[in-house]
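Residue numbers (the working numbering): -4 to 404. All residues carry an ideal CB built from backbone N, CA and C; glycine is no exception. These figures come from a predicted structure and were not determined experimentally. Single-structure report; data block below.
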Ligand SMILES: Cc1ncc(COP(=O)(O)O)c(C=O)c1O
């Protein structure tokens, strides 16, 4: 496999030539990635030439609707699903909120339990836990407090009595970053008669999901972390989408991709999501990756992962060798996303501020992963320093980061 051409990659991101953004080395990607130029151009074109009610019987409206459909069609093809399985919402938090309303009605009168983890971002935790107020039984699948690992063996006893209807878990956590075996966990859930719902927000920036291979019932991620606009994207199996009570206007309940979208969609941003598919296709073409959209997406995923794992290995080695901090999650880059959180002796935020003064963009805090930090024995007020890379991060930037850490810590 050819290596990722990082110069080509960076030429696709206007941020790298912005006088405001380009001077620092960017390690806040887990907060939100830079958008690729294909997305920026589509957004600008939409606002300039298409900003009318889409699908109406006149040219601008037809073009607007066609671009929104194109986004759904092309993202679906990349993820190996039908377009009707893909819906957009304002954010992943908003999407889980809506799904939780649907699940509340779905479980009403039937009983059943939901499994949640203490590894999840609050977006895939609180909405489910609150259903306990309505009589739904909640079971917590807990991490190992020393390592942060979510062990599938610890899930088995929770599923044993066959009462669980839904298992909610992350593809990887935004602080632990260890990649969970979604296919295995989904198979365990389904084998026990439960649906599997995956928060893919922290993993999707490192490659779009191959939904059929993951075998889950719902996969959610946020386009503003996958080089796109501020949208939440939700992929559902057709039967789960239709089984869950609709949350949209009643006359939209028959259409799977509208059924769980209560608000009117953000037309421009939905349309601009097609730019993410343009970007993946540009990478595939540049690196000679062929096949259908799903194959191209898988090929680009592998290229990105190879680049990222090699780039962050020195950072992980450097952090693991220091005895004045605690590296959260595995040291092996192959077992994790390149989102690297560390517990320091004191609060993390002042250290991130000092790094900021030295040309390193990162942050310290709890990153809405309050429960995971508590489970790891870290006070949320103290927080962790989070250094997050993606495929456009260069070895030179990692070198600058290590040098800055060396002088600040
Ligand atoms: C792992 C994870 N899940 C969910 C979310 C929430 O996503 P959104 O901001 O789209 O609501 C985030 C946001 O940082 C996240 O990191």
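Exercise for review: Return yes when the C-beta of residue 267 is under 6 Å from any heavy atom of ligand 1, and no when it is not.
Suggested key: Relative to ligand 1, even the nearest heavy atom lies 6 Å or more away from the CB of residue 267.
Point to revise | Straight-line gap, residue 0 to residue 293 (C-alpha atoms, nearest Å) | key: Straight-line Cα distance between these residues: approximately 17 Å.
Review point. Cβ of residue 256 versus every heavy atom of ligand 1: is any distance shorter than 6 Å?
Key: With a threshold of 6 Å, the Cβ atom of residue 256 does not count as near ligand 1, since no heavy atom of the ligand is closer than that.
Practice item. For residue 166, verify whether its CB is less than 6 Å away from any heavy atom of ligand 1. Key: Result no, Cβ not under 6 Å from ligand 1.
Review point. Hey, residue 49 and residue 59: beta-carbon distance below 7 Å or not?
Key: At the C-beta level, residue 49 and residue 59 come within 7 Å of one another.
Exercise for review: Could you tell me the distance, in whole angstroms, from the CA atom of residue 92 to the CA atom of residue 164?
Suggested key: If you take the alpha carbons of residue 92 and residue 164, they lie about 15 Å apart.
Point to revise | Close-in-space but distant-in-sequence residues of the same chain around residue 87 (CB under 6 Å, 5 per side omitted) | key: Result list for residue 87: 118, 196, 215, 217 and 227, in chain order.
Review point. Relative to ligand 1, is the shortest distance from any of its heavy atoms to the C-beta of residue 332 smaller than 6 Å?
Key: Not under cutoff, so the answer is no.
**Study point:** Through-space distance from residue 104 to residue 28, alpha-carbon basis
**Key:** The alpha-carbon separation between residue 28 and residue 104 amounts to approximately 42 Å.
Check your understanding: Do residue 203 and residue 63 have their C-beta atoms closer together than 7 Å?
Key -> Contact: no.
Exercise for review: Please work out which residues of its chain come closer than 8 Å, Cβ to Cβ, to residue 140, disregarding the five sequence neighbours upstream and downstream, and give them in chain order.
Suggested key: Hits under 8 Å: 370, 371 and 372.
Practice item. Determine the extent of the alpha helix (DSSP H) in which residue 387 is found, giving its start and end residues. Key: Looking at the DSSP string, residue 387 is not in any alpha helix (DSSP H), and its letter there is neither H nor E.
Check your understanding: When you compare only the Cα positions, how much space is there between residue 66 and residue 79?
Key -> Those two C-alpha atoms are separated by around 12 Å.
Exercise for review: Return yes when at least one heavy atom of ligand 1 lies under 6 Å from the C-beta of residue 196, else no.
Suggested key: For ligand 1, at least one heavy atom lies less than 6 Å from the Cβ of residue 196.
Review point. Starting from residue 303 and walking both ways along the alpha helix (DSSP H), at which residues does that stretch end?
Key: Per DSSP, residue 303 belongs to the alpha helix (DSSP H) from 288 to 316.
Review point. Looking at the structure shown, is residue 22 part of a helix, part of a strand, or coil, going by DSSP?
Key: It is coil, neither helix nor strand.
Practice item. Please report the residue range of the alpha helix (DSSP H) in which residue 147 lies. Key: Looking at the DSSP string, the run of the alpha helix (DSSP H) that includes residue 147 is 147 to 154.
Check your understanding: Looking at residue 87 and ligand 1, is the gap between the Cβ and the nearest heavy atom below 6 Å?
Key -> Within the cutoff, so yes.
Point to revise | C-beta atoms of residue 299 and residue 386 nearer than 7 Å | key: Remark: C-beta atoms of residue 299 and residue 386 approach each other more closely than 7 Å.
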